[in-house]
Amino acid sequence: MVEPHRAGRPEHNGSVPKNYFDGRIAKTYDERSPELFEQSAVEPAVSFLADLAGTGAALELGIGTGRLALPLSRRGVRVHGIDLSPAMVAQLQAKPGAADIAVTIGDFSTTKVADSFKLAYLVRNTITNLTT
Numbered sequence: 009m010v011e012p013h014r015a016g017r018p019e020h021n022g023s024v025p026k027n028y029f030d031g032r033i034a035k036t037y038d039e040r041s042p043e044l045f046e047q048s049a050v051e052p053a054v055s056f057l058a059d060l061a062g063t064g065a066a067l068e069l070g071i072g073t074g075r076l077a078l079p080l081s082r083r084g085v086r087v088h089g090i091d092l093s094p095a096m097v098a099q100l101q102a103k104p105g106a107a108d109i110a111v112t113i114g115d116f117s118t119t120k121v122a123d124s125f126k127l128a129y130l131v132r133n134t135i136t137n138l139t140t
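Residues 9 to 140 in my numbering are what the sequence shown lists, from first letter to last.
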């Protein structure tokens with residue numbers, strides 16, 4: 009069932025509007041689903057990704073606030089992220105360890121990064137954020 013559009017709520021029409029993760033959403037993103045940030049949720053995913061990356065670099069599509077990128081980087085994996093939202097990236101960059109993670113602002117379906125990666129990944133519902 010399709011929900012009707014309500015004032016104050018972005019209309020999706022199958023894709024996320026470019027500004028959906030800016031401002032208010034970015035500032036409270038980590039608090040909206042605290043269970044996703046618990047060690048019991050993060051650690052198994054980070055271990056899995058670190059094993060896949062091995063000694064190579066990793067590219068996260070839709071890096072957001074760095075929920076997995078930061079602990080992956082702390083494990084010694086070189087991480088580069090792409091994200092459409094400067095506000096989400098600002099939240100990431102305000103966290104300890106963020107200086108070790110390269111980030112490119114852009115639509116991950118079209119943005120190119122001049123590097124090579126052993127692992128490219130996206131997590132949770134990130135795939136639904138494709139705008140095309």
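Don't be surprised by glycine CBs; every beta carbon is placed ideally from N, CA and C.
Uninterrupted alpha helix (DSSP H) stretches inside the stretch 47-101 (no shorter than 4 residues)
47-61, 77-82 and 94-101
(Q) Spatial neighbours of Arg17 within its chain, please: C-beta separation below 7 Å, excluding the five flanking residues on both sides. (A) Only weak support is given to the placement of Arg17: the predicted model assigns it a pLDDT of 33, under 50, and the question is left unresolved by the model.
| field | For Ile113, the three-state DSSP class (helix, strand or coil) | value | strand
Look at the alpha carbon of Leu80 and the alpha carbon of Ser117, and state the distance between them as a whole number of angstroms. 23 Å
_Restricting to Cα atoms, I'd like to know which of Leu67, Ser93 and Arg83 is closest to Val50._
Ranking the options by Cα distance to Val50, first place goes to Arg83.
Q) Residue range of the beta strand (DSSP E) that Leu130 falls in? A) Note, Leu130: premise wrong, no beta strand (DSSP E); not H, not E.
Next on the checklist: Between Leu69 and Ile90, how many whole angstroms is the CB-CB distance? I'm expecting something under 8 Å.
Outcome noted: 6 Å
Item to check | Sequence-distant residues of its chain with Cβ nearer than 8 Å to Val54 (five each side left out) | outcome: Leu76, Pro79, Leu80 and Arg83
Please report how far the alpha carbon of Ala65 lies from the alpha carbon of Ile109, in whole angstroms. 11 Å
* Asked: Do Ala58 and Val85 come within 7 Å of each other at the CB atom, strictly closer than that value?
  -> yes
ask   = Beta-carbon separation of Leu67 and Phe125 under 7 Å?
value = yes
inquiry  = Considering only their Cβ atoms, is the gap separating Pro94 from Ile71 smaller than 7 Å?
reply    = no
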